[in-house]
Amino acid sequence: MRLRIWRSDPTTDEPGSFGEYEIDTFPDMVVLDAVLAIQRSLVPDLAVRWNCKAGRCGSCSAEVNGRPVLMCTTPLSLYENEEALTITPLRTFPLVKDIVTDPSRAYEAARRVPPFQPDPNGALGAAEVERQRELRKCIECFLCQDVCHVLRDQKLYRQFVGPRHLLHAASLELHPLDALDRRKPVQETLGLGYCNVTRCCTDVCPEGIRITDDAIIPLKERLADRSDPLRWVWDRLSPPRKRRALPVLPSDDPDE
Amino acid sequence: MDGLSSLLVHAHDVLVIGAGAAGLRAALEARTAGLDVAIVCKTLLGKAHTVTARGPLDARADWKAHFRDVMRAGRYLADWRMVKTLATEAEDRVAELERWGAVLDPTGERNGLEVLRTLQQHASHTGIHVYMEHTITRLLGDRNGVTGAFGIRRDNGGFVAFEAKAVVLATGGAGRAFEISSSSWECTGDGQALAYRLGAALVDPELVQFHPLGVVWPPSTRGRCVAGDVAALRNANGERFVADAPDYVVARAIKGEVDAGRGSPHGGVYLGEMEVGPTAHAVLGGIRVDPETQESRVRGLFAAGECMGGLHGSHRFGENELVASLVFGRRAGLHAGEHAKKKTKKKTAEREELAALAREALAPFDRDEGENPFEVREDLGAVMQAYCGVVRDEAGLHACIEDIARLREALANVKVTGTRAYNAGWQEAFDLESLLLVAEATTRGALARRESRGGHARAEAPEEDPELAKVSWIARLGEGGRMELEAVPLPALPEDIQAVLLEEELE
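For the record, the sequence lines run as chains A and B.
Read in order, the letters of the first sequence correspond to residues 0 to 255 in numbering that gives the first Met the number 0.
Read in order, the letters of the second sequence correspond to residues 0 to 506 in numbering that gives the first Met the number 0.
So, in structure tokens, the structure goes:
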């Protein structure tokens, strides 16, 4: 099979270009196998970031024939009818070398999300556990950040943290054991309003998290609650609402 | 090439090497004590091998039952003091993790990711410095005390020196020494090798855990552990051959079928359509530490997590891997912090020493001819797989030591091309250096332990030798750079602890 891999080393003056390689394949070969085979025998200084090679760590993100994927879970057989496989780095992050990019921006964004604050009166029920599990499945591959128009095309990195971090904020905001109200920072610091719900992030999530429907829209709804003037008056007049305490199910206890 | 032109020097009170569960927990503890803490890790934060861990976290109110299970699983080669610490502190560590927002799964699915992410998110708001994609190649100081570390940042290949009052090693395992392994690429025994070179001891390095259900075919997922019913395994004749039993019994049964010519085409047995066999899953031996403080015999050098030895003995239950990282990570951070507080001054890294380390690190670029580092590692994997796997024998172990010496010569002649930026071949050469050291210690330990006990099996001695239940072997750097192995007695069990172990027999 023929692969074209983007090669560029910003520590030199050489302009970037595609390297073209022919490799032998085996039946269940994934894109990462192919790239590592090229690295091993043809291009030992080829930069590729990977770690678990089991779809669990989210390190080997790249764009294959223009689509952002995890290379370790993408079979070569998907491309058998195509002339060549073209591998390029994630476009939304600065390049380090070849197909490796610098995700520092995402780690900085993570620090803008106000952290978990334990609520001694909270209780975790079965339904909340299920919802938390979905929101907390994220492996931080940053494919959602890569495809988000607000970041990719409009480059509003300062104003908008991106889907991964809104997901993180939602997992905390909807966590029954968390005491902090994040509605203000979600709007002002994280830039929730910039998301126009195109669902591109959900489409590329390798964990199948419904980022838009289960994280971003619930956050927007919470914010709408707050900006609704009738709701504001009601909140002022009524005593502070308590979170409904749900019993902890025995099966939620790790000791069991 | 001028090695030090791009040198960066960072100074912190406590330097934690490794950002899995143990490293993050250590860093948090030292930071909570008010110290200036840095983590340096080989991959991006949040990608450590901890993410792949499964299994519930064993944390019980009844420490005695937990204690008995761990001692018994490890066939009494564990240091009982560490096991007692694990059993008595596990519950607190898990409760604390839940206070930080963790939603753990009683079935164990995804608990590694959950533990790692909770610690990562908790740490990201505490002012801990994180240096990602840095490889530490040497510790600074000497056998009397550690003063820092030297390494390479991957993005541009520049050199980095860290000055620190205390160093915590939490670099994980060394599974990549084996051809078939469930480890991620970064599990190359760096902590063990760094500690050993500075004068610390490695305890019972022969103890390696092989998971019986690793994929051997199809090839892309080779090494990965799969869940499955052991009793459903079939040999080439379609016969079932093993009942549910401890992992190492199943692993040996599979090897027995393959050796008898009843294996699958790729050297495993069948689990449905898949071919499976033993895969190197965890190293159970590692850096020898004080059971109270986690300090190695080098002052100021601490260890926790898989790179630490002494806790598990010759087998480990999956339920203990994450809690052990939390319990001993916290302790390492606590004592590293106390050590750092007592030390008033950091030692400045000496320019000459750093320049020598830089020259050494750059040597592979200067060779016109030389070995391909990827091929040398594959060679090592094959050697360890052949001689140091599930069942070991004397002749094979001697051959293994010779092969490791040959591969060390190959490493000394390894050639790297391209620039220093994000250079995979160069990285492989550093990883190999650590792997070869751990491989040699594993092999020498395996030669010394002439018995079969838990996960360690010797063909000539298929039974446990009661005398050998009283000894550990420690490997350390001897005269002339040679590895010395020394038998040391395991701590005797006090009467009250013996009583705890006996309680079970009475039940």
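All C-beta atoms in this analysis are idealised placements derived from N, C-alpha and C, irrespective of residue type, glycine included.
Fair warning: this is a prediction, and the values are worked out from it, not measured in the lab.
- The continuous beta strand (DSSP E) containing LEU14 of chain B extends over residues 7–16.
- Contact holds between the region 74–93 of chain B and the region 302–315 of chain B, because three or more Cβ pairs, one in each stretch, are under 8 Å apart.
- What SER219 of chain B touches in chain A, judged by beta-carbon distance under 9 Å, is PHE25, PRO26, ASP27, MET28, VAL29, LEU31, ASP32, LYS52, CYS71, PRO74, going in chain order.
- If you check the CB distance, SER451 of chain B and GLU462 of chain B come in under 8 Å.
- In the same chain as ARG233 of chain B, and ignoring 5 residues on each side of it, the C-beta atoms closer than 7 Å to its own belong to ARG239, VAL268, TYR269, in chain order.
- The beta-carbon separation of TYR195 of chain B and LEU476 of chain B, rounded to 6 Å, stays under the 8 Å limit for a contact.
- Inclusion of VAL167 of chain B and ALA58 of chain B in the CB contact set at 8 Å is not warranted, their separation being larger than that value.
- Taking 8 Å as the CB threshold, PHE373 of chain B lines the interface with chain A.
- For ASP154 of chain B, a Cβ of chain A is located within less than 8 Å of the residue's own Cβ.
- Counting of Cβ neighbours within 10 angstroms places ASP12 of chain A among the exposed residues, the total staying below 16.
- Interface residue (Cβ-Cβ distance to chain B less than 8 Å): LYS183 of chain A is not classified as such.
- The straight-line gap separating the alpha-carbon atoms of ALA235 of chain B and ASP32 of chain A is approximately 28 Å.
- Within the region 149–179 of chain B, the residues whose Cβ lies closer than 9 Å to some Cβ of chain A are ARG153, ASP154, ASN155, GLY156, listed in chain order.
- Residues of chain A whose Cβ lies closer than 8 Å to the Cβ of VAL82 of chain B do not exist, since the nearest Cβ in that chain is about 18 Å away.
- Exposure of LYS341 of chain B is indicated by the presence of fewer than 16 other C-beta atoms within 10 angstroms of its C-beta.
- Between HIS128 of chain B and the set B:LEU206, B:HIS48, B:ALA52, B:VAL39, the nearest pair of CA atoms involves B:VAL39.
- For TRP5 of chain A, same chain residues with a beta-carbon under 7 Å away, outside a window of 5 residues either side, are GLY15, PHE17, ILE86, THR87, PRO88, ASP97, ILE98 in chain order.
- With respect to the 8 Å criterion, LEU56 of chain B and VAL93 of chain B are classified as neighbours on the basis of their beta carbons.
- By the rule that beta-carbons nearer than 8 Å mark a contact, ASP212 of chain A does not touch chain B.
- When CB distances to chain B are screened at a threshold of 9 Å, the residues of the region 167–181 of chain A falling below it are HIS167, SER170, LEU171, HIS174, LEU176, ASP177, in chain order.
- Against chain B, a Cβ distance below 8 Å from TRP49 of chain A picks out TRP184.
- Counting along the chain, the unbroken alpha helix (DSSP H) around SER170 of chain A starts and ends at 162–172.
- For the C-beta of GLU272 of chain B, not a single chain A residue is nearer than 8 Å; the gap to the nearest is close to 12 Å.
- Under the three-state reduction of DSSP output, CYS56 of chain A falls in the coil class, being neither helix nor strand.
- ILE179 of chain B is a Cβ neighbour of ARG221 of chain B, given a cutoff of 8 Å.
- The region 122–131 of chain A and the region 162–177 of chain A touch, with no fewer than 3 CB-CB distances between them shorter than 8 Å.
- In the DSSP assignment, ALA244 of chain B falls outside any alpha helix (DSSP H), carrying neither H nor E.
- Contacts with chain A at 8 Å (Cβ-Cβ) include TRP99 of chain B.
- Sequence-distant Cβ neighbours of TYR78 of chain A in its own chain, meaning closer than 6 Å and more than five residues away, are LEU84.
- In this structure, ARG376 of chain B places its C-beta atom within 8 Å of the C-beta atom of GLU427 of chain B.
- Distance from the CA of GLU95 of chain B to the CA of ASP104 of chain B, rounded to the nearest whole angstrom, comes to 15 Å.
- From the listed residues B:GLY380, B:ASP392, B:THR442, B:ALA486, the smallest Cα separation to ILE400 of chain B is found for B:THR442.
- Here the alpha carbon of ARG30 of chain B sits roughly 56 Å from the alpha carbon of ALA259 of chain B.
- The beta carbon of THR42 of chain B sits closer than 8 Å to some beta carbon of chain A.
- With at least 16 other beta carbons inside 10 angstroms of its own, SER183 of chain B counts as buried.
- A Cβ of chain A is located within less than 8 Å of the beta carbon of GLU113 of chain B.
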